[in-house]
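Novice: This note's numbering puts the sequence shown at residues 1250 to 1472. Cβ coordinates follow ideal geometry from the N, Cα and C atoms, glycine included. Here the structure is a predicted model, which means the values were calculated and not measured.
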Amino acid sequence: MREESHKVKILSKEELSELPDTPYNLWVRGELDDYVDAPEGSRIEIIGGEVVVSPPPGLPHNAVTGDIVLVFNRALGPEFPWRTDNGTGMSLVGVGDGYVPDLMIVDQDVYLAARRSGVRTLVPDQVELVVEVTSYGNAGNDQQPTARGRGNNKWNGYAAAEIPYYLLVDRSPKVGRSILYSIPDQGLAAYLHQESWEFGETVHLPDPFDIEIDTSEWKPWDR
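1. Whole-angstrom Cβ separation of PRO1413 and SER1431, contact assumed at under 8 angstroms?
2. Is it the case that the Cβ atoms of ALA1410 and GLY1343 are separated by a distance below 8 angstroms?
3. Using DSSP bridges, identify the partner residues of ALA1439.
4. Relative to the C-alpha of ASP1282, which residue among ASP1316, TRP1331, GLY1347 is closest?
5. What residue ranges within the stretch 1368-1417 form continuous alpha helix (DSSP H) runs of no fewer than 4 residues, ordered along the chain?
6. Going by beta carbon distance, what residues of the same chain come within less than 8 angstroms of PRO1330, once the five residues before and after it are set aside?
7. Would you report the Cα separation of GLY1298 and PRO1455, rounded to the nearest angstrom?
8. What are the boundary residues of the alpha helix (DSSP H) that SER1366 is part of?
9. Looking only at C-alpha atoms, which of ASP1391, ALA1324, GLY1326 sits nearest to VAL1379?
10. Give the straight-line distance between the Cα atoms of ILE1293 and VAL1257, rounded to the nearest whole angstrom.
11. Go ahead and label ASP1419 buried or exposed: buried means 16 or more other beta carbons lie within 10 angstroms of its beta carbon, across all protein chains shown.
12. Within 10 angstroms of the Cβ of LYS1403, are there 16 or more other Cβ atoms? Answer buried if so, exposed if not.
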């Protein structure tokens, strides 16, 4: 059985034409949800200029992000000023997309300043690392595009926005590994370096984190 209760949906041109403003402007103002017919808990994003509605993630997906959050929270202190955030949107101003990453890692001072200013979303300059965990049906939005695949997804967007690190936990049965992308090239909208670990191996995040993540409980999705 697939983990999601419904498939990913992309709004049609007809649906987009009925919107009172651009999808990105509506998303930034927090109004896009009012114009999208989607089950409660759905994630609504602008990816490559398209409105993408994803189903609420299941426990196997959320458990992975929970493991990462636990590691970061245990390490939090004067020598480790990194806060986690999941559920907040990231506005990619220069790209014109709006994502809701599975997890963002933000310096504590930056996090507190954003919190006190009352902003709805974060921007790339505030984020040091993003984490995406793939699920059946929408993995292509997160993965590095292949020669045959679309070349305008979140992998490209994060690189174009110069997010320093992108950790992809790819739960596809064909992959089953974690991949850390780094050295973003804004012009190419691509990451120039990667390191990977199979599920079961310990992920090591380099400086400025220098932290290890146990993946012994991480498994590919069950189809």
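Specialist: Reading it off the structure:
1. Numbered from 1 along the sequence shown, position 164 holds the residue referred to as residue 1413. Numbered from 1 along the sequence shown, position 182 holds the residue referred to as residue 1431. Sure, about 7 angstroms apart at Cβ, within 8 angstroms.
2. Position 161 of the sequence shown, counting from 1, holds the residue named residue 1410. Position 94 of the sequence shown, counting from 1, holds the residue named residue 1343. With contacts defined as CB atoms closer than 8 angstroms, ALA1410 and GLY1343 qualify as a contacting pair.
3. By 1-based counting over the sequence shown, the position of residue 1439 is 190. The bridge partners DSSP lists for ALA1439 are ASP1434.
4. Working through the sequence shown from its first residue, we reach residue 1282 at position 33. Of ASP1316, TRP1331, GLY1347, the residue nearest in Cα terms is GLY1347.
5. Counting only runs that start and end inside the stretch 1368-1417, the alpha helix (DSSP H) elements of at least 4 residues fall at 1403-1409.
6. Residue numbering aside, residue 1330 sits at position 81 when the sequence shown is read from its first letter. Cβ-Cβ distances below 8 angstroms link PRO1330 to ASP1356, GLN1357, ASP1358 in the same chain, with the five nearest sequence neighbours on each side left out; the list follows chain order.
7. To locate residue 1298, count along the sequence shown from 1; it is residue 49. To locate residue 1455, count along the sequence shown from 1; it is residue 206. Pairing GLY1298 with PRO1455, the inter-Cα distance amounts to about 32 angstroms.
8. Here residue 1366 refers to the residue found at position 117 when the sequence shown is read from its first residue. Here the alpha helix (DSSP H) through SER1366 covers 1357-1366.
9. Counting from one through the sequence shown, the residue named residue 1379 turns up at place 130. Looking at ASP1391, ALA1324, GLY1326, the one whose alpha-carbon comes closest to that of VAL1379 is ASP1391.
10. Position 44 of the sequence shown, counted from the first residue, corresponds to residue 1293. Position 8 of the sequence shown, counted from the first residue, corresponds to residue 1257. One C-alpha to the other measures close to 10 angstroms.
11. On the sequence shown, residue 1419 is found 170 positions in, with the first residue counted as 1. By the 10 Å Cβ count, ASP1419 comes out buried.
12. By one-based count along the sequence shown, residue 1403 stands at place 154. A buried status is given to LYS1403, since no fewer than 16 other beta-carbon atoms sit within 10 Å of its beta-carbon.
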